[in-house]
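Q: Numbering of the sequence shown is given in this note's numbering, commencing with residue 40 and proceeding in unit increments. All C-beta atoms, glycine included, are put in the ideal place defined by N, C-alpha and C. Submitted below is the structure of interest, expressed as C-alpha cells.
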Amino acid sequence: MAISLFISLNKVAFEPTFNFNHAYELLQKWLDFFPYLAIGYVLLVFGGQKIMKKRDPLDLKYLVATWNLSFSIYSLISAYFLLPNILEIYKNEGILSLYCKKGDYYTNQTTGYWIYLFVISKTYELGDTLFLVLRKKPVIFMHWYHHILTNFITVFSYVRLTGWPRLSVFLNVSVHGIMYFYFAVTTLGIRSPTIVRKFITTIQLIQFAIAILFFTHLTKIIFSGNKEGCDISKDSHFIGLLMFLSYFYLFGKFFYKSYIKPKKTIKIN
C-alpha cells in the first residue's frame, strides 16, 4: 500500500501537465501514512545503528557524492523556476504576500509543479540518514529531528494550502543547493577551510531567522483578528513557528560549539 502510494506520488511528477487535484489527493493519503513513516525512520536511526555496530562501514563514497550532487542540482533548478514568482509577487503585491497569500501558488503549472516536487523530495532526503547509518557516521539528534519534522511539515502545510511556504520553500532550496554541493565535495574527501563550514551553517541560520521573522508577523496578524486576506492555517502556522524556533536553537548551538566556544586545552605538568 505504502510503496504503491509513493510510486503514484512520483508518477505525478512525470505527467505531461501538472494535475494539482491528483497531487493533492495523493498527499492527503501520504499524510495519513506519516505516523508509520516516522516509526520506520526512528527504527532506522536507532535500530540501524545497533545492527551496524558490529559490522564494517560500507564504502559508499561515490554513491553518496552522486546523491548529494543530485540534490544540489535539483535544489538550484527549483530555485531558478521559483524565483520569477517571488520577484513578481514582491513587485506587484509587496513583501507581505510572499508569506501570507497563496494565490495560484499550488495550482500554477510552474510553481505548483516545483512545490510538489519539493514536498516529495523531503521523503527522499531521509536517505541521507540511511547513508550515515550504513557508513557508520554519527547520526546526531539535530540531523534526524530536522529531517523527520521537515518531512512532516512540508506535507502538512501543503494539505492545508497555507501562504507561508512560498518564501520558505524558495529559501530552503536556495540554501540546499549550496549545502548539498558542499556535502558532495566533502564526501569525496576534499577538505574545506573552516570559513566554508561556517558559511554553510550561517546561511542555514539566516534562513531560519527570516522564517521566524515572518512567522512572528503572521502570529501578530492571527491575534489581531484581522487576517488581512492572508491564507493562514493556525495548526500549520504554530507547528511551523515552533519548528523554525527549534531549528534556530539547535543550529545556533551547533555553530557556537563548533566555531565560537573556546576549545579545552590539556595542561601537561
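Helix, strand or coil: which one does DSSP assign to Trp203?
A: coil
Q: Does the segment 118 to 126 touch the segment 142 to 151, meaning 3 or more C-beta pairs lie closer than 8 Å?
A: yes
Q: Taking C-alpha atoms, which residue in Tyr295, Lys140 and Leu252 lies nearest to Lys266?
A: Lys140
Q: What is the rounded straight-line gap between the Cα of Leu108 and the Cα of Ala223?
A: 5 Å
Q: Is it a yes or a no for the segment 233 to 248 touching the segment 293 to 302, going by three-plus beta-carbon pairs under 8 Å?
A: yes
Q: Please classify Gly268 as buried or exposed, where buried requires at least 16 other C-beta atoms within 10 Å of its C-beta.
A: exposed
Q: What is the DSSP secondary structure of Tyr138, counted as helix, strand or coil?
A: helix
Q: Helix, strand or coil for Tyr144? Go by DSSP, reduced to three states.
A: coil
Q: Less than 9 Å separating the beta-carbons of Ser275 and Arg199?
A: yes
Q: Alpha carbon to alpha carbon, what distance is there between Leu76 and Ala104?
A: 25 Å
Q: My output table needs one value for Val158: the three-state DSSP class, helix, strand or coil.
A: Three-state result, Val158: helix.
Q: Between the C-alpha atoms of Phe45 and Lys100, what's the straight-line distance to the nearest angstrom?
A: 27 Å
Q: Does the segment 46 to 60 touch the segment 150 to 158, meaning 3 or more C-beta pairs lie closer than 8 Å?
A: Yes, they touch.
Q: Candidates Ser213, Arg230 and Leu188: which alpha carbon is nearest Leu284's?
A: Leu188
Q: So, for Asn190: in the same chain, excluding its five sequence neighbours on each side, which residues have a beta-carbon less than 7 Å away from its beta-carbon?
A: Lys161, Thr162 and Leu165
Q: Contact defined as beta carbons within less than 8 Å: I believe Phe157 pairs with Val208. What is the distance between those atoms, to the nearest angstrom?
A: 5 Å
Q: Let me know if Thr255 comes out buried or exposed under the rule of 16 or more other beta-carbons within 10 Å of its beta-carbon.
A: exposed
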